[in-house]
Amino acid sequence: MNYSNISRNHPYNEILLVPYSFKVVLSFVSSVAMLVSAIGNILVITSFVKTLSLRNSTNSYITSMAVSDLLFVAVDLALYASSRLFVLGGSVSSFQCKFGRYIANVSYSVSIESLVLITVDRYIAIVYPMKVILITGKMRTAFILASWIIPMGMLAPFLHYYKRAQELDGPLICTMGSKLLHAVYTFMGIVLLFIIPLIVIVILNSRIMKALRTTTQGVPNPNLSNSARRHQQNRKIIKTLIAINVIFFACWTLYYLSIIFFVFFGHVLRRDSQEMLVITCLYLPALLSTVANPAILFIFSKNYRQALKNCFRSVVVKCRSCLARQEVTGLQSTDLN
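Residue 62 is where the sequence shown starts when you use our numbering, and the numbers rise one by one after that.
Written out as C-alpha cells, the structure reads:
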C-alpha cells in the first residue's frame, strides 16, 4: 500500500498507519460477529420456514428482516474484509464498491421498513384487534415486496456513482463521485430511513403499551381470565420487539453520529485516528445490530426457541435414519459377498 501521497488538509507530514494490533483485534471481533450473525439469521429463517405456528404477520416481517441482515453481512462485511481496513485485506475494485454499497444500503432500508411494519402490525392487533382480519396474506406479501422493491429503485444511482476510494479520499473504502449526490442521499437517509421511522415506532409503541395497561386494568380477575393471559403474552411480544428496536437504533445512532462527526470534524483527527473511527463506529455497530436480532428472538421468544429445538431434533432424526440406512446397505453388501 503506497502511503507516500499526502493529503493537503492533513495536519501532519505523513499519513499515519493504524496500529497492527488494533486491526488484528477488530478484525477478529468482526469475523466472529459476522459468523454469529450469519448462523443466527439462517436459523431464524429456517425456523420460520419449518414451523407452521410461526407463520404470522409479525414473524413474516421478522424473517424479511433476517434475510436483509444476512445479505448485509454477506456483502458489506465481505467488502470490509477485502479492504485495507481489515488485517488481511488489500484493495477493492470499483465494482465491489458499487455492488457492495448498493446491497448494503438496500438491506438497511429493508430492515428499518420491516421494523416499522412489525410495529404497525402489533399496533393494529392490540389497539384495533377487530381490524386484524382486514390484513390478508396477499397484503402482507405486497408490503414485504414493496419494502424491497422501493429501496432497490431509489438507491439505483449507487450502482453508477459509487467508486473505489483513493488514499487522498481518506480512510473510507468507497466514495461517491458526486459530493452533492452523496450529501443528498445522506440527508435523505437520515431523515427518511432513521428519524421518521424512529418517531413512528416510538409513538406507536407508546400507544400499544398504554392500550395494554388500560385493558389489563379493566379485567376483573386477571389470574383466571383468558383475555388477561393473552394480554400478558402480548406484553412479552412487545417487550421483545422493543428490545430489538432499542439495540437496532442504538447501533445505527452511533453510525450516523460518526458520519456527521467525520464529515464536519474529521479533519481535526490524524489519519490513523480517522481509520480507527471508521472501523469502530461505522462498520462494527452495523454488524452488531445484525447479531442482536436473532439473539433476542431465541433468548426471549419461547416460540422461536421451541421451533429451533424442533429443527435440531428433525436434523438429528434424519441423520440417524441416514446412518441406519447406510448400516443396512453395508450389511446387505456383506451378505452378498
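Just so you know, even glycine gets a beta-carbon here, dropped at the ideal spot from N, CA and C.
So, residue 149 versus residue 102, is the Cβ gap smaller than 9 Å?
Contact flag unset, no.
Counting Cβ pairs closer than 8 Å, one from the region 185 to 193 and one from the region 122 to 131, do we hit at least three?
No, because fewer than three Cβ pairs between the region 185 to 193 and the region 122 to 131 fall closer than 8 Å, the two stretches do not touch.
Cβ-based neighbour list, residue 285, same chain, cut-off 8 Å, excluding 5 preceding and 5 following:
Here the model assigns residue 285 a pLDDT of 48, short of 50, so the residue's position is not dependable, and the following value carries that caveat. Take residue 285, set aside five residues on each side of it, and no residue of its chain has a beta-carbon closer than 8 Å to its own.
Less than 9 Å between the C-beta atoms of residue 299 and residue 259, yes or no?
No, Cβ-Cβ distance for residue 299 and residue 259 is not below 9 Å.
What is the DSSP secondary structure of residue 81, reduced to helix, strand or coil?
Note: residue 81 maps to helix in three-state DSSP.
Name the residue from 208, 380, 375 and 165 whose alpha carbon lies nearest to the alpha carbon of residue 112.
For residue 112, the nearest C-alpha among the options comes from 375.
Using 9 Å as the limit for Cβ to Cβ distance, is residue 320 near chain D?
Absent here is chain D; the protein component of the structure consists of one chain.
Where does residue 381 fall in DSSP's three states?
The answer is helix: DSSP assigns residue 381 an H, G or I state.
Near residue 167, which residues of its chain fall below 7 Å by C-beta distance, leaving aside the five closest residues on each side in sequence?
Excluding residues within five positions, the ones whose Cβ falls inside 7 Å are 212, 213 and 216.
Quick one: Cα of residue 355 to Cα of residue 197, how far?
For the pair residue 355 and residue 197, the Cα-to-Cα distance works out to about 26 Å.
Unbroken alpha helix (DSSP H) runs of length 4 or more, entirely within the region 201 to 243: which are they?
Counting only runs of 4 or more, we get 219 to 222.
Inter-residue Cα distance where the pair is residue 85 and residue 141
It is roughly 14 Å from the alpha-carbon of residue 85 to the alpha-carbon of residue 141.
Does DSSP classify residue 364 as helix, strand or coil?
Helix.
Taking its Cβ as the centre, do 16 or more other Cβ atoms sit within 10 Å of residue 327, making it buried, or is it exposed?
Residue 327 comes out buried.
Quick test of your reading: residue 152 and residue 162, contact by CB under 8 Å. State the CB separation rounded to the nearest angstrom.
Wrong, their Cβ atoms sit about 16 Å apart, outside the cutoff.
Hey, could you find the ends of the alpha helix (DSSP H) residue 161 is sitting in?
Taken as a continuous stretch (DSSP letters only), the alpha helix (DSSP H) holding residue 161 covers 155 to 188.
Using the beta-carbon count (16 or more within 10 Å), is residue 257 buried or exposed?
Answer is exposed; the Cβ neighbour count stays below 16.
State the CB to CB distance for the pair residue 94 and residue 352, rounded to an integer number of angstroms; the pair is presumed to be in contact (CB under 8 Å).
With a Cβ gap of about 5 Å, residue 94 and residue 352 count as contacting.
Does DSSP classify residue 327 as helix, strand or coil?
Reduced to three states, the DSSP call for residue 327 is helix.
So, residue 159 versus residue 243, is the Cβ gap smaller than 9 Å?
One thing to note: residue 159 has its Cβ no nearer than 9 Å to the Cβ of residue 243.
Please give the ranges of any beta strand (DSSP E) in the region 97 to 159, keeping only runs that are unbroken, at least 3 residues long and fully inside the region.
Segments of the beta strand (DSSP E) lying fully in the region 97 to 159: there are none.
Beta-carbon contacts of residue 106 that lie in its chain and below 8 Å, excluding the five residues immediately before and after:
Only 124, 127, 128 and 131 meet the Cβ criterion.
Closest residue to residue 264 among 116, 177, 110 and 135 (Cα-Cα distance)
Answer by Cα proximity: 177.
Residue 196 (DSSP reduced to helix, strand or coil):
Note: residue 196 maps to coil in three-state DSSP.
Distance, Cα to Cα, residue 266 vs residue 294?
Answer to the nearest angstrom: the Cα atoms are 16 Å apart.
Between which two residues does the alpha helix (DSSP H) holding residue 337 run?
Residue 337 -> alpha helix (DSSP H) spans 332 to 338.
Length of the line joining the Cα atoms of residue 121 and residue 370:
When rounded, the separation of the alpha-carbon atoms in residue 121 and residue 370 is 20 Å.
With a threshold of 7 Å on Cβ separation, who are the neighbours of residue 269 within its own chain once the five nearest residues in sequence on each side are excluded?
Closer than 7 Å at the Cβ level, and outside the excluded window around residue 269, lie 183, 184, 187, 188 and 299.
Buried or exposed, going by whether 16 or more other CB atoms sit within 10 Å of the CB of residue 81?
Around the beta carbon of residue 81, fewer than 16 other beta carbons sit within 10 angstroms, so the residue counts as exposed.
Could you compute how far the alpha carbon of residue 109 sits from the alpha carbon of residue 233?
Each residue's Cα considered, the two are about 37 Å apart.
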